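As they're listed, the protein sequences go chains A and B.
Counting with this note's numbering, you get residues 1 to 400 for the letters of the first sequence.
Counting with this note's numbering, you get residues 1001 to 1420 for the letters of the second sequence.
Backbone N, C-alpha and C define an ideal beta-carbon position, used for all residues, glycine too.
None of the values given here were measured: they were computed from a predicted structure.
The structure under discussion appears below in the form of C-alpha cells.
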Amino acid sequence: VSTAMAPAIQARSVQPRHAGWAGIGLGVIAWFVALPPALVRSPVVPILIGLLAMTAGAWAIYGEEKRLGWGAVVAGVVGAVGGIASTQSGVGNLKDVVTWSALIAATLRYATPLVFGALGGIMSERSGVINVGIEGMMLMGAFFGIFGADLLDSWFLGLLVGMAAGGVLASVHAFFSINLRADQVVSGISLNFLALGITGYIFLDHYGDQGTPDNIPRVPDISIPGIKNLSFFGDAIGKTNTLTWLALIGVVVFTVFLFRTPRGLRLRSVGEHPRAAETVGISVPRTRYIAVVMSGMLAAMGGAYLSIGFVGSFNQGMTAGRGFIALAAVIFGKWRPGGALGAALLFGFSTALAQRLPAFSPSGAVLFQALPYVLTLIAVAGVIGRSRPPAAVGQPYVKE
Amino acid sequence: MTEEPKPGQALAGEGGPEAVAITPAARLAAYVQGGGVIVPVLTALLAFLVGGLVILVTGHNPFSTYKAIFNGTGLNWFFPWTSSADRTTAALNLQQTLITTTPLILTGLAVAFAFRCGLFNIGGQGQYLVGSYVAVWVGASFAGMPRLLHIVLAIVLAALAGAAWGGIAGLLKATVGAHEVISTIMLNWVAVWVGAYLFALNGPLQNTDPSQQSVPVSNDIAASAKLPVFWGDPELQGLHIGLFIALAAVVVFWVLLNRSTTGYEVRAVGLNPEAARYGGISVSRNYILVMAVCGAFAGLGGGIDLLGWQFHIATNDILNSANVGLGFFGIAVALLGRNTASGTAVAALLFGALLTGTSQRNLDPTIFEPELATNLTLIIQGLVVLIVSADVIVLTMLRRGRGLFRRRPRAVPTAEAEVS
C-alpha cells in the first residue's frame, strides 16, 4: 500500500484518492471486526462500516478517482457481506479457521516460492525478455534440488544443483530469444513441457515407484530466540524456513539493486529502450543473457524450497501452476519487487485460507483448492491498465 | 493513467482493447503460414533425434525403443508386407492411435484458431475438461432418450461449455486486456479443481451406485449416449465415429477461416490488430468470438472422448491430466501443423501415434518402461514447441534464401542448414 500511496501525495486530487484508499481499508475492517480476536457478533457493525466504505468510494468516484472508488465500493460490499456471514457462523468454526498466527505462518510458507518466481520474472522482464518458462525453471529447481541434496547429502549443495539446473533451462530460453530471436512466449511455454519431461524422466529412472527417500537433508528452519517463546509472534514467525527469510531479504536487495545501483539502471534501460542503452555502450545481448539465467536460478530457488524446504519430497509436476501465479504477481506488483511481494503474500494467504476453510464445509474442501487460481485471475483482470510492462519486453533486439 | 500503446507488450498491461499491440503470437501467426512442409518435417525429425539422445544417454537403445514405440502405434497396419497375424494386432493398436488422434485434432484446432487471431490459447485442457464434465452429466442423466438426440444433445452442450470456458479468457482479454496465457492457465486449474470437487466422495456428481460409494468417480453414461463403434469390437474400445466429427471440425475450421467474413476478420486481427481496427474491424469482438470458438473445439474434444470410450470420469484422471493432458498436446499439434486445418490433422496423427505407442498398454516394458516413455513424449513435445518458436527466424531465412535463389542459386542450402 505504501508504494501506491506515494504518488498520491504528489497528485493534484489528493482528497478523493485518500477517500478511495480509506474506503478500501474500511471494507477490510468491516470483515475484520467480525473475526477473531474482535469477534463482534452483531451484523449491524459490519453493515455500518461497509456502508461507510461505500460512501468513501462514492466520494472518490465523484472526485474522478473512478477505479479506486469502485474498488472501495466493492471492498465495502465484500467486507459487509463477509462480516455478516461471519457473525452468523459459529464462534468455534471461526476460531478454527481464522487463527491469525497460524495463517501468517502458512501465508509465508505458500508465498515463498511465489516470491522467488516473481523476482525471477521481474529480473527477466525488466531486461526485455518475457519468461513464461518460470514454471518449468521452478520445477527444475524442485527436482534437481532434492536430487542434488540426496546424492551429495547436503541441502546447501542440493540448492546449488537446483539453481544450476534452473539456470541451464533458462540459458536455453536466452539462446532462443536473444540469439535466434524466437517467439518468447512460445519458447517459454515449451520449456515448461521440457522441464516436466526431463524431471519426470530422471525422477522415474532414478527413484522408480518408490519416490524420493524420507531422510533427505532439508533446508533448516530458523528459530529466533527472543521471538520463539512469544505467543503470537512465536507462532507466526518464530520458526520460519531459511529460504523464506532469504526470499524476504531478496526483495529488499533486489529493490535496491534495481532502482539504486548503476547495474540496475542498465538492466532497466535495456528493457525500456535497448537502442539507447546500446548507444551508451551497454551490451544488450549480454545484459539480457545474465538477466534470463539469473531469473532461472531465482525461480529454481523457489522450486527447491518446495521440495527440500517445505514438503521434503518430490512428485511429478509438483509446482502446479505456481510459476504462472508468480508471473501474475509480477504484473499485479507492476514489475516492482515490493509490489510483487505484496501480491505473492496475497496469493499465499488465499492458499493458506483454502487449507483451513474446510472447517466450515468439509465437502467443499476440494473446491477451495481453486481459490488461489480464481483470485489470481481476478487480480490480473482487475489491475490491467494501471500496470505497464517494460517498453521493450518481448521484442528481440537487432543490432544496427 | 492512460499509457501510450506500446508495440510488443506481451504479458498483460496492454491497456485494454484500445491499445492492442502486435503480439509475438501475432507475428508468429503471420509467419507460420509459409514455409511449406519441409520445416515441420525437419522440426519433428530434430525433436525425435534429441529424444533419441536422451534415451541413449540414460542407457537405453534408441533404435529398439523407437521400433517398439512404432510397433505399438499400429501404423504398420498400412504396410502391405505385414503378416495377417500381425495385422490383427496392428488393427487393434491403430484403433487406439486414431481414438487418441480424434481429441488431439480438436484440441489442436483450439490452439490453431487462436493463433490465427494472434492469441495463444493454453487453456485447451480446461476447455476439454469442462466439455467432458458436461458430456458425462448429460450422458448419464437422460437415459431412455432416443440415441441420436441424446448424443447430439451431449455433444452440443459439451461444445457450448467449452465455448463458455474459453470465452471467459476472450472476454477478459477484450475488456480489460488480461493476457490470455495467464488467464487460460488459471482457468485450467480452476477446471481441474471444480472437476475434482464434482466427482469427489460425496461430491454433487459422484456416482449413485450403492456399491461404488467409496470410489470418487462419476456415473457411467447411458447406452443411448455412447458413440457408435464402426471399426473393431465395441467391448474392446473399438474406433468410434468421433473421428468423423473431428474431421468435420477440420473442414469447419478451414471454411470458417478461409471462406467466411468472420475468418477474414480473424486473420486480419491476427496479422495486425492495429491495421484491422483502422479497417473497421472490432478487435475486442473477435477476441471474444475466437476464444469461444477455440473453447468449443476443445470442449467438443472432451465430450467426444467421454462419449466415445471413457464413459465416466474419475477425479484421479482429472488431477493427473492437470499438467500433461491432451489439451496441452494440442499446442504442439497446432504449432507443428503450422496452424492450418490439414497440418493440424496430420500433426494430431503423429502425436496420437506417439502417445499410443508410449502408453502403458501398447509399449513392451521389457524394451522400454512405459512410464519413462510418457516423459519422453513430453520431452519431444517440448522440443517441437521450442523449435517452432524459432521458426520465425528459420522462415525469415528461408524467405531470404528464396529471394537470393532468384539471383544466386547457391544460397538455398545455407538457409536449410539453419534449421538443424
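{"Asked": "Looking at Gly1343(B) and Pro1040(B), is the spacing between their C-beta atoms short of 8 Å?", "Found": "yes"}
{"Asked": "Can you list, in chain order, the residues of its chain whose CB lies under 8 Å from that of Gly1337(B), leaving out five sequence neighbours each side?", "Found": "Pro1040, Gly1108, Ala1112, Gly1343, Thr1344, Ala1345, Val1346, Ala1347, Ala1348"}
{"Asked": "Is it true that the CB of Ala1140(B) sits closer than 8 Å to the CB of Ala1222(B)?", "Found": "yes"}
{"Asked": "Give the straight-line distance between the Cα atoms of Gly50(A) and Val91(A), rounded to the nearest whole angstrom.", "Found": "21 Å"}
{"Asked": "How about the segment 282-295 of chain A and the segment 366-379 of chain A: do they share at least three Cβ pairs that are nearer than 8 Å?", "Found": "no"}
{"Asked": "Taking only beta-carbon positions, decide if Phe310(A) is within less than 8 Å of chain B.", "Found": "no"}
{"Asked": "Is the CB of Tyr1197(B) under 8 Å away from at least one CB in chain A?", "Found": "yes"}
{"Asked": "What residues in the segment 1047-1066 of chain B have a beta carbon less than 8 Å from any beta carbon of chain A?", "Found": "Val1054, Thr1058"}
{"Asked": "Could you have a look at Thr1058(B) and say whether DSSP puts it in helix, strand or coil?", "Found": "coil"}
{"Asked": "Could you have a look at Lys239(A) and say whether DSSP puts it in helix, strand or coil?", "Found": "strand"}
{"Asked": "Run down chain B in chain order and give the residues with a C-beta less than 8 Å from the C-beta of Ile222(A).", "Found": "Result: empty, since nearest Cβ-Cβ is about 32 Å, beyond 8 Å."}
{"Asked": "Please state the DSSP three-state secondary structure of Asp221(A).", "Found": "strand"}
{"Asked": "So, at 6 Å on beta carbons, what are the nonlocal neighbours of Gly1203(B) in its own chain, with the 5 sequence-adjacent residues on each side left out?", "Found": "Tyr1197"}
{"Asked": "Nearest-angstrom Cα distance between Leu1042(B) and Ala195(A)?", "Found": "23 Å"}
{"Asked": "How far does the alpha helix (DSSP H) with Val115(A) in it reach, from first residue to last?", "Found": "100-126"}
{"Asked": "Give me the residue from Ile202(A), Gly76(A), Ala299(A), Lys399(A) with the minimum Cα distance to Val270(A).", "Found": "Lys399(A)"}
{"Asked": "Kindly list the residues whose CB is nearer than 6 Å to the CB of Ala1159(B), restricted to its own chain and excluding five residues on each side of it in sequence; keep chain order.", "Found": "Ala1296, Gly1299, Leu1300"}
{"Asked": "Just the chain B side, please: which residues come within less than 9 Å of Gln369(A) by C-beta, in chain order?", "Found": "Trp1189, Val1192, Trp1193, Ala1196, Tyr1197"}
{"Asked": "Going by alpha carbons, who is nearest to Gly208(A) out of Gly79(A), Ser187(A), Phe144(A), Asn315(A)?", "Found": "Asn315(A)"}
{"Asked": "To the nearest angstrom, how far is the alpha carbon of Gly136(A) from that of Gly162(A)?", "Found": "12 Å"}
{"Asked": "Smallest Cα separation from Phe310(A): which of Ile282(A), Thr242(A), Ile249(A)?", "Found": "Thr242(A)"}
{"Asked": "Rounded to whole angstroms, how far is the Cβ of Gly339(A) from the Cβ of Phe332(A), which I believe are closer than 8 Å?", "Found": "7 Å"}
{"Asked": "Looking only at DSSP bridge pairs, what is Val1217(B) linked to?", "Found": "Ala1314(B)"}
{"Asked": "Rounded to whole angstroms, what's the CA-CA distance from Ser1224(B) to Val1250(B)? Just pull it up for me.", "Found": "26 Å"}
{"Asked": "Looking at the C-beta of Gln1125(B), does it have a partner C-beta in chain A at a distance below 8 Å?", "Found": "no"}
{"Asked": "Mapping the DSSP letters down to three states, classify His273(A) as helix, strand or coil.", "Found": "coil"}
{"Asked": "Let me make sure I understand the geometry here. Which of Phe1070(B), Thr1100(B), Gly1072(B), Trp1165(B) has the alpha-carbon closest to that of Cys1294(B)?", "Found": "Trp1165(B)"}
{"Asked": "If you drop the 5 nearest sequence neighbours on each side, which residues of the same chain put their C-beta closer than 8 Å to that of Val1054(B)?", "Found": "Leu1376, Ile1379"}
{"Asked": "Under a CB-based cut-off of 8 Å, is Ile409(A) close to chain B?", "Found": "Residue 409(A) cannot be examined here, being either before or after the span of chain A that is shown, 1 to 400."}
{"Asked": "DSSP three-state call for Pro1413(B): helix, strand or coil?", "Found": "Caution applies to Pro1413(B), whose pLDDT of 42 falls short of 50 and renders its modelled position unreliable; the value that the coordinates give is listed next. Helix, per DSSP."}
{"Asked": "Cα-Cα, which of Ala118(A), Ser154(A), Ser177(A), Glu272(A) is closest to Leu341(A)?", "Found": "Ala118(A)"}
{"Asked": "Answer yes or no: do Ala354(A) and Gln369(A) have a C-beta to C-beta separation smaller than 8 Å?", "Found": "yes"}
{"Asked": "Does the segment 274-287 of chain A come within contact of the segment 151-166 of chain A, defined as at least 3 CB pairs closer than 8 Å?", "Found": "no"}
{"Asked": "Taking the beta carbon of Pro225(A) as the centre, do at least 16 other beta carbons fall within 10 Å, making it buried, or is it exposed?", "Found": "exposed"}
{"Asked": "Measuring alpha carbon to alpha carbon, tell me which of Ile1331(B), Gln1095(B), Thr1262(B) ends up nearest Glu1235(B).", "Found": "Gln1095(B)"}
{"Asked": "Rounded to whole angstroms, what's the CA-CA distance from Ala1030(B) to Ala1114(B)? Just pull it up for me.", "Found": "Reliability of the predicted coordinates at Ala1030(B) is poor, the pLDDT of 48 falling under 50, and the value obtained from them is presented with this limitation in mind. About 12 Å."}
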